[in-house]
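All letters in the sequence shown, in the order written, are residues 8 to 315 by this note's numbering.
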Amino acid sequence: MYMINEFQLVPVENELYLNNFNKGVKISSAALAGILIKLKERKKLEISVEELTQIAESFKIDSQALINALMNQLHLIKPVPDRKFGTVYLNVDDPILADFLSDAFAKEYNVKLVDPQFTAYEPASLVLFYRANYSHEEFKHLYQNLPEKVCIITAGIVHKILIIDNLYYRGSGLPTHFSNFNNLLAGIHSSLSVTKNNWLLFYRSLMRDGSESLPDPEINLCQKGFVSYCLYKFTSQFTNFWSLPTTLDSVNWFWHVDLNGLNVFKEIAIHSPYSQYDMNLNLAAFAESRNTETSCSRHTEQELCSAD
8 MYMINEFQLV PVENELYLNN FNKGVKISSA ALAGILIKLK ERKKLEISVE ELTQIAESFK
68 IDSQALINAL MNQLHLIKPV PDRKFGTVYL NVDDPILADF LSDAFAKEYN VKLVDPQFTA
128 YEPASLVLFY RANYSHEEFK HLYQNLPEKV CIITAGIVHK ILIIDNLYYR GSGLPTHFSN
188 FNNLLAGIHS SLSVTKNNWL LFYRSLMRDG SESLPDPEIN LCQKGFVSYC LYKFTSQFTN
248 FWSLPTTLDS VNWFWHVDLN GLNVFKEIAI HSPYSQYDMN LNLAAFAESR NTETSCSRHT
308 EQELCSAD
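Below you can see the structure in the form of structure tokens.
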């Protein structure tokens with residue numbers, strides 16, 4: 008199986024030009040132009056060896072020569088023995104974001120939009136779990152029912168800030184959504200000095216009774232488009248076949264996205280002493296497990312982070 012690097016065909020008078028992320032080039036061969044048009048018509052950015060062979064034969068071209076040209080000269084295809092994830096699940100409480108994200112992932116992955124209470128995720132899948140309110144109770148339902156070998160990325164909004172949590176899977180020992188959320192609450196409930204116009208002052212007053220429930224945010228359609236793009240870009244660190252590899256130490260980074268200033272801040276997620284998930288983490292057992300399964304764990308993380 009080969010993945011297809013998305014490209015654009017630009018006709019100019021009687022000539023055809025190819026443009027993609029890697030290069031722009033004039034296509035002088037009529038046969039190659041016809042083949043590129045065939046590839047462009049595909050709904051999925053993937054093609055089998057058998058399908059490439061059939062296309063080559065229909066244009067009376069040697070199949071191996073065609074594969075070599077597409078892979079080494081035009082950089083339009085590359086072999087993918089196994090997908091990182093069999094399915095990308097979208098558990099998103101905003102239908103507009105769900106549509107945007109589904110469209111973005113559908114060309115490369117099997118995408119399933121699921122109901123809020125859905126938990127029957129298949130092994131070796133990725134779940135993008137978004138709730139407009141970062142303090143939503145359904146985050147607990149997700150973690151309580153998370154199957155083994157399922158990776159999740161959780162996200163939500165506080166004030167006008169989108170928070171995208173680090174990648175997590177059961178038994179990884181990585182911080183969870185609740186690590187980041189409780190660290191945020193600790194800042195809100197603390198006596199830490201902040202500037203007069205800091206939004207934390209508003210929430211500190213609003214939540215003076217120790218509440219852990221944040222008010223529902225209000226964002227417009229333009230901001231929703233930016234939210235969906237940021238979610239896609241964050242997730243693409245682990246799903247994109249053509250980008251540079253994601254380093255292992257980047258796995259536990261999470262993002263703060265300012266929806267007003269359009270700035271993205273990256274921060275290392277750390278465990279929180281106020282999170283029950285972190286307090287219940289059996290570090291001794293985890294360390295023992297890591298010592299006995301080091302090679303397996305390294306292979307798993309490298310598969311998640313590699314772009315190849």
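Every residue, glycine too, gets a C-beta built ideally from N, C-alpha and C.
Residues near residue i in its chain [Cβ-Cβ closer than 7 Å; skip 5 each side]
i, result
"K51", "K114"
"G163", "Y137, R138, A139, N140, Y141, H143, I170"
"E22", "K33"
"E145", "P123, R138"
"H263", "I168, I170, F272, E274"
"A40", "L23, I34"
"Y128", "Y96, V134, P154, V157"
"T242", "L135, I160"
Spatial neighbours of residue i in its chain, beta-carbon cut-off 6 Å, leaving aside the 5 residues before and after
i, result
"I84", "Y9, I11, L77, M78"
"F293", "Any answer about F293 is weak, because its pLDDT of 47 lies below 50 and its placement is not dependable; what the coordinates show is given next. Hits under 6 Å: G180."
"Y175", "I159, L181, T183"
"N189", "S279, Y281, S282"
"E20", "none"
"L316", "This structure does not reach residue 316, given that the chain is present from 8 up to 315, and the question cannot be answered."
"W249", "N12"
"P86", "Y9"
"L149", "F136"
"Q15", "N26"
"V99", "A105, Y137"
Classification of residue i by the beta-carbon crowding that lies within 10 angstroms, buried from 16 upward
i, result
"R49", "exposed"
"Y24", "exposed"
"D110", "exposed"
"F209", "exposed"
"F272", "exposed"
"L238", "buried"
"A105", "buried"
"L255", "exposed"
"K91", "buried"
"D172", "buried"
"S55", "exposed"
"N152", "exposed"
"N75", "exposed"
According to DSSP, residues forming a beta bridge with residue i
i, result
"D122", "Note: D122 sits in no beta bridge, so no partner."
"N26", "Q15, G31"
"Y137", "V99, A162"
"H263", "I170, F272"
"M10", "E53, K85"
"S179", "Answer by DSSP bridge pairing: none, since S179 is not bridged."
"S132", "V157"
"N21", "According to DSSP, which records beta bridges pairwise, N21 is partnered with nothing at all."
"N117", "T94"
N-terminal and C-terminal residue of the alpha helix (DSSP H) that residue i is part of
i, result
"Q71", "70-75"
"D106", "102-112"
"E145", "145-151"
"A37", "37-47"
Own chain partners of residue i with C-beta closer than 8 Å, once the 5 adjacent residues on each side are dropped
i, result
"H82", "N12, N27, N29, K30"
"P224", "A139, N140, I164, V165, H166, K167"
"N117", "G93, T94, V95"
"P102", "none"
"L266", "I164, K167, I168, L169, I226, Q230, F233, V234"
"A38", "F66, K67, I68"
"L269", "F233"
"K240", "none"
Host beta strand (DSSP E) of residue i (start-end)
i, result
"S282", "Run containing S282: none; DSSP gives neither H nor E here."
"F92", "No beta strand (DSSP E) contains F92, which DSSP labels as neither H nor E."
"T161", "157-165"
"K67", "Here K67 belongs to no beta strand (DSSP E), and DSSP marks it neither H nor E."
"K273", "271-275"
"K240", "Segment 228-246 is the alpha helix (DSSP H) holding K240; no beta strand (DSSP E) there."
Would you call the segment 39-46 and the segment 116-128 touching, i.e. three or more CB-CB distances under 8 Å? no
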